[in-house]
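Residue numbers (this note's numbering), protein chains in the order written: chain L, 1 to 249; chain E, 1001 to 1316.
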């Protein structure tokens, strides 16, 4: 059994003339909390998309707990235990918060979704409310997406991804679009919930305070390559990172 | 009102009302309602697809398969029992739907609509050229029997009406259960956000294929009843205008309420019958104006009226 939760070997991906990944190689140990930083277009989201099957690499290999997942579909990868949240929360806009949560629980239940069991069965509703309460968004249970603050949408997106008991969780900019005062509370909630599940976490983030506070290790991306890979303080002190990522030089 | 929210109780009440109506309705109205219910079954299948974000413009395919099964079985094997014919029609339509469903489930929007339409038009073209099946003239269908009971005249119309009503109530109840089920909620979610559903681990394609097969089965059932009610089937059952009528009813009723589908179907038959009677050359115009009015005044269909009433009561 591999001690690495996730491995990437020499991943390459081009979109026309633009190179979004140029030989990305990494190995994420089980239980690690790593962050991915980089300016827009550096290749962070492309990396997340490749790991979760939304985009296929031109070359290279991705493995989850030793198993090759390079050519699997998003659904197959999700079923194996890799979950993701999105930079723009992917929710069902015509449904309430509770219904969104129920969908997630239904799909990830012990049994396949039923043709006869009511979606709003008390057992599932209670479980959905429990999760919403854990993320402190249960008060919004009957609200539609258009009526929700950005932070609640982010939390719901993450809560839905988490309900399948993932072993690896990829969070794509979990605090983007969220008011400054909400960022830490949101990250605290997410980390608290994820730590209870012993999940390996990779999160994409632009806010360096959040990166420093929550991640054990940082990968800095630039132009489809990893230009620094170390503890947060080391990476943020790296001249290349300061030049190309944080803009301090 | 709590009692009416229970599907079995509401179904039983609806069936009792339909049975009583059968004994007072004149023959023409009974036939009209029977046909409207048969077509409503097909439209209900489209409503099931619409909940997942798809609209089929080719349900005439399954309607026609069901109708031809009823005609051919009576002519070739002598089977006239309506229960058996319904079963055979459903099996035939379901089998064809199971072949095409997984293929069509890869497509969305206009591509799905046009592919489904093209399948029904292929059947229309094939039937029109097959003289062994009556060509464009079609086939006469023997009067149905009901577990050995062989009525004639008004009792036949009444028996057919009651059978159709029972089917509508049964299917309506089952579809309500399906729409409220876990699978039903996933279909609604797919309509909103396919990407999210795939990233939760469910197969959107499988869900779409299942909805398509269910729609095919309902199309076949509606076709059997229509063929038996009219006593004649022809390739027009698979023509695009027939499929268009089912879409018309589905849009008219919306996807929020199952009774609305059958009410919408009856409304369409009434508007068509009376406008055909009074404006024989321009009845399609009357139909078009009617649909426009519904779209403008009730964009979510007739079913949204019940939702509005429920919300108003909850607020009160």
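C-beta atoms are modelled at their ideal positions from N, C-alpha and C, and glycine is treated no differently. None of these values were measured; they are calculated from a predicted model.
Check: Among 174/L, 10/L, 192/L, 76/L, which one has its Cα closest to the Cα of residue 85/L?; Outcome: 174/L
Check: Using a Cβ-Cβ cut-off of less than 8 Å, give me the residues of the region 47-72 of chain L that come near chain E, in sequence order.; Outcome: 52
Check: So, is the C-beta of residue 1048/E closer than 8 Å to a C-beta in chain L?; Outcome: no
Check: Just list the residues that DSSP pairs residue 229/L with in beta bridges.; Outcome: 219/L
Check: Leaving out five residues on either side along the sequence, give the residues of the same chain with a beta carbon under 6 Å from the beta carbon of residue 69/L.; Outcome: 62, 77
Check: Can you tell which of 228/L, 237/L, 191/L has the C-alpha that lies nearest to the C-alpha of residue 215/L?; Outcome: 191/L
Check: With burial defined as no fewer than 16 other Cβ atoms inside 10 Å of the residue's Cβ, what is the status of residue 1149/E: buried or exposed?; Outcome: exposed
Check: Is it buried or exposed for residue 34/L, if we count other Cβ within 10 angstroms and need 16 for buried?; Outcome: buried
Check: Going along chain L in order, which residues have a C-beta closer than 7 Å to the C-beta of residue 1196/E?; Outcome: 90, 91, 92
Check: For the structure I just gave you, are there three or more beta carbon pairs, one from the region 1051-1066 of chain E and one from the region 1275-1288 of chain E, closer than 8 Å?; Outcome: no
Check: Using beta-carbon positions only, say whether residue 1015/E and residue 1215/E come within less than 8 Å of one another.; Outcome: no
Check: Say whether the region 1105-1117 of chain E touches the region 1202-1215 of chain E, bearing in mind that this needs 3 or more beta-carbon pairs closer than 8 Å, one atom from each stretch.; Outcome: yes
Check: At the level of alpha carbons, what is the spacing between residue 221/L and residue 229/L?; Outcome: 9 Å
Check: Going by the DSSP bridge assignment, what does residue 28/L pair with across the sheet?; Outcome: 6/L
Check: Any heavy atom of the ligand ATP inside 7 Å of the beta-carbon of residue 206/L?; Outcome: No copy of the ligand ATP appears in this structure; indeed no ligand is present at all.
Check: Looking at the structure shown, is residue 201/L part of a helix, part of a strand, or coil, going by DSSP?; Outcome: strand
Check: For residue 1161/E, which residues in the same chain have their Cβ closer than 7 Å to its Cβ, ignoring the five residues on either side in sequence?; Outcome: 1022, 1030, 1033, 1034
Check: Cβ of residue 1180/E less than 8 Å from any chain L Cβ?; Outcome: yes
Check: Residue 1189/E touches chain L at which residues, Cβ-Cβ below 7 Å?; Outcome: 92, 95, 103
Check: Is residue 1124/E helix, strand or coil when you go by DSSP?; Outcome: helix
Check: Which of the three DSSP states is assigned to residue 1233/E in this structure?; Outcome: strand
Check: Looking only at its chain, what residues have a beta carbon closer than 6 Å to the beta carbon of residue 102/L, apart from the 5 residues adjacent to it on each side?; Outcome: 119, 124, 128
Check: Mind reading off the beta-carbon distance from residue 1190/E to residue 107/L? Whole number of angstroms is fine, and I expect it under 8 Å.; Outcome: No, residue 1190/E and residue 107/L are not in contact; Cβ-Cβ is about 11 Å, not under 8 Å.
Check: Which residues in the same chain have their Cβ closer than 7 Å to the Cβ of residue 182/L, if we skip the five residues on either side of it in sequence?; Outcome: 151
Check: Give the DSSP-derived three-state secondary structure of residue 1189/E in the structure shown.; Outcome: helix
Check: Which one of 232/L, 81/L, 245/L has the shortest CA to CA distance from residue 223/L?; Outcome: 245/L
Check: Evaluate residue 75/L with the Cβ neighbour count: other Cβ atoms within 10 Å of its Cβ, from every protein chain shown; 16 or more gives buried, anything less gives exposed.; Outcome: buried
Check: Measuring only the C-alpha atoms, how far is residue 1322/E from residue 1305/E?; Outcome: It is not possible to answer for residue 1322/E, since the shown part of chain E is limited to 1001 through 1316.
Check: Identify, in the order they occur along the chain, each residue of the same chain with its Cβ nearer than 7 Å to the Cβ of residue 1059/E, setting aside the five sequence neighbours on each side.; Outcome: 1042, 1045, 1046, 1215, 1219, 1243, 1246
Check: Quick one: grab the DSSP three-state call for residue 1094/E.; Outcome: helix
Check: For the beta strand (DSSP E) that contains residue 245/L, what are its first and last residues?; Outcome: Here residue 245/L belongs to no beta strand (DSSP E), and DSSP marks it neither H nor E.
Check: I need the straight-line Cα distance from residue 1265/E to residue 98/L, nearest angstrom please.; Outcome: 34 Å
Check: Using the beta-carbon count (16 or more within 10 Å), is residue 1234/E buried or exposed?; Outcome: buried
Check: Using 8 Å as the Cβ pair cut-off and three pairs as the minimum, do the region 81-96 of chain L and the region 154-171 of chain L touch?; Outcome: yes
Check: With contact counted as at least three CB pairs below 8 Å, one residue from each stretch, are the region 1083-1096 of chain E and the region 1256-1264 of chain E in contact?; Outcome: no
Check: Would you give the residue range spanned by the alpha helix (DSSP H) that residue 1196/E belongs to?; Outcome: 1194-1200
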